Amino acid sequence: MVNAARVIGKSPIHSLKEVLAISSSDITELLKIVKKNGVGISVVSGIDDRVFPMDRMQKAIELDMINGFYSTKGTHNEFILRPARYSKLVDKALDDLEKRGAGNK
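Remember, the working numbering sits 53 above the position in the sequence shown when you count from 1.
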């Protein structure tokens, strides 16, 4: 968190441009290509995420793009702010990918 604040402090306008570019980007075609090439993909989305709102995520993501979708309580930064709370979910998502054989060609 301290590093992020330092980076933002050095160039706030550049940082804002990057955040806006990321939040408005469309990676749906990339998800399809990556999955087609054997990479397992799970999405974990916070219901209170303002950067990537849940309704936008659900509209943009189709079944052929991912292997799993997990909605969870919280905002965009929950994994950073409360990693212990969400580590079990990440473990489950990875276990589920392994069980499905996602990522194996």
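Virtual Cβ for every residue (Gly too), placed ideally from N, Cα, C. These numbers come from a predicted model, not from an experiment.
Same chain only: Cβ atoms within 6 Å of residue i, ignoring 5 sequence neighbours per side
i     : result
Ser98 : Met107, Met110 and Ser124
Met54 : Residue placement at Met54 is flagged as unreliable, the pLDDT there being 49, under the threshold of 50; a coordinate-derived value is accordingly withheld.
Residue i in three-state terms, based on DSSP
i      : result
Thr125 : strand
Val92  : coil
Ile80  : coil
Val143 : helix
According to DSSP, residues forming a beta bridge with residue i
i     : result
Gly99 : Thr125
Limits of the alpha helix (DSSP H) - the one that residue i falls within
i      : result
Glu171 : Residue 171 falls outside the range modelled here, since the chain spans only 54 to 158, and no answer is possible.
Met110 : Met107 to Ala113
Beta-carbon proximity list for residue i, same chain, < 8 Å, skipping 5 on both sides
i      : result
Met118 : Thr81, Leu84, Lys85, Lys88 and Ile94
> Counting Cβ pairs closer than 8 Å, one from the stretch 89-98 and one from the stretch 137-147, do we hit at least three?
Replying inline: yes
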